[in-house]
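Counting from 1 along the sequence shown, just add 5 to a position and that's the residue number in the working numbering. All C-beta atoms, glycine included, are put in the ideal place defined by N, C-alpha and C. A short worksheet on the structure shown next.
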Amino acid sequence: MDITVQELKQKLDNKEEFVFIDVREGYEYEEFNLGAQLIPLGEIGNKLDEFEDAKDKEVVVHCRSGARSGMAKQLMMQAGFQNVRNLEGGVLAWQAAFG
6 MDITVQELKQ KLDNKEEFVF IDVREGYEYE EFNLGAQLIP LGEIGNKLDE FEDAKDKEVV
66 VHCRSGARSG MAKQLMMQAG FQNVRNLEGG VLAWQAAFG
């Protein structure tokens with residue numbers, strides 16, 4: 006199940022533990038970010054082994070609009086991750102909701 010910006014904000018405000026990944030490009034991250042770890046979509050396949058111990062933890066992925074993070078979610082689930090959630094609407098939805 007994916008995650009809304011409101012649910013994500015609540016998790017961040019409550020300092021809940023989850024793996025948080027931004028799959029946009031570096032220049033996009035520099036312009037605006039939510040504090041996630043930056044791993045551009047093109048690199049995520051090579052970095053999954055770094056998250057081996059997180060396969061049964063909650064993972065939230067996001068991008069600008071939700072398309073790239075949707076692809077990242079598919080890659081991660083095919084690699085055995087159990088609980089990957091895509092941020093619905095991405096950063097655009099976050100900015101629309103919270104400025």
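Next item on the list: Helix, strand or coil for L92, going by three-state DSSP, please let me know.
Entry: strand
Notebook entry, point to check: Using the rule of at least 16 other Cβ atoms within 10 Å of the residue's Cβ for burial, across every protein chain shown, is D27 buried or exposed?
Noted result: For D27, the number of other beta carbons within 10 angstroms of its own is at least 16, and it is reported as buried.
Next item on the list: Give the C-beta separation of L53 and A84 to the nearest angstrom, bearing in mind that I take them to be a contact with Cβ-Cβ under 8 Å.
Entry: Cβ-Cβ separation between L53 and A84: approximately 5 Å, consistent with a contact (criterion under 8 Å).
Check: Hey, L80 and I49 are a contact pair by Cβ (cut 8 Å); roughly how many whole angstroms apart?
Finding: 6 Å between Cβ atoms; contact.
Notebook entry, point to check: Roughly how many angstroms separate the alpha carbons of F103 and V89, rounded to a whole number?
Noted result: Each residue's Cα considered, the two are about 23 Å apart.
Note to self: Can you tell me whether L39 is helix, strand or coil according to DSSP?
What the structure shows: coil
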